[in-house]
Structure formats: C-alpha cells, structure tokens
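Colleague: A single structure is presented below for examination.
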C-alpha cells in the first residue's frame with residue numbers, strides 16, 4: 001500500500017477519535033491493520049478507539065500488540081495509561097454483573 005494512503009488512513013482515524021466517533025476510527029484502523037500488521041501506531045490508536053467504544057478487552061489486546069511491536073526505547077506511558085483505563089473498565093463491568 002502506498003505510504004501516503006496509510007498516512008491518510010491514520011489521519012482520518014485520528015480525526016474520528018478526536019470527534020468521538022470511535023467506531024468509524026476502528027473500521028479504518030482494522031482495515032489498515034490487515035495490511036500493516038506490525039505498525040505500532042495502528043495498535044496504539046486502536047487501543048484508544050476501543051477504550052472510547054467501551055470495548056475494554058479489545059483495547060487491552062491492542063495495547064499488548066503495541067507493546068509487542070513498539071521499538072525498544074519507545075515512550076510507552078500513554079499506552080500504559082490506556083491499558084490501565086481499559087483494565088479498570090473491564091473490572092467495573094465484571095463487578096456490575
């Protein structure tokens with residue numbers, strides 16, 4: 001896939017996240033993930049989109065994949081925050097059942 005198209009897809013996904021439309025963002029990011037399976041940026045954004053969409057398990061999985069593919073020495077503070085929020089939502093959901 002053309003690099004400019006990948007960049008555009010990531011930009012559109014970011015736009016949807018900014019305007020609280022996580023499902024649209026997820027659709028774009030999942031399509032991009034199927035083409036670029038080892039791109040940590042895709043997993044970082046997916047993790048946040050799934051968190052916004054109240055899908056904590058998927059958010060946790062995407063965060064774990066980000067950590068798997070991130071370059072050594074990468075800043076992982078944001079993904080740890082996202083994963084922590086997802087774990088909290090998952091725990092709250094389990095307690096409310």
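Numbering (full-length UniProt numbering), first residue to last: 1 to 97.
Ideal placement from N, C-alpha and C gives every residue a C-beta, glycine not left out.
1. For the alpha helix (DSSP H) that residue 76 lies in, which residues bound it at each end?
2. Between which two residues does the alpha helix (DSSP H) containing residue 64 stretch?
3. Can you give me the C-alpha to C-alpha distance between residue 54 and residue 89, rounded to a whole angstrom?
4. Quick one: what does DSSP say residue 52 is sitting in, helix, strand or coil?
5. Would you give the residue range spanned by the alpha helix (DSSP H) that residue 25 belongs to?
6. Which residue marks the beginning of the alpha helix (DSSP H) containing residue 15, and which one marks its end?
7. DSSP on residue 47, reduced to helix/strand/coil?
8. Within the same chain, show all residues whose beta-carbon is closer than 7 Å to that of residue 66, passing over the 5 residues directly before and after it, in chain order.
9. Go ahead and pull the three-state DSSP assignment for residue 97.
Modeller: Answer, in terms of the structure:
1. Here residue 76 belongs to no alpha helix (DSSP H), and DSSP marks it neither H nor E.
2. 56–69
3. 8 Å
4. helix
5. 22–35
6. 3–18
7. helix
8. 40, 43, 44, 47, 79
9. coil
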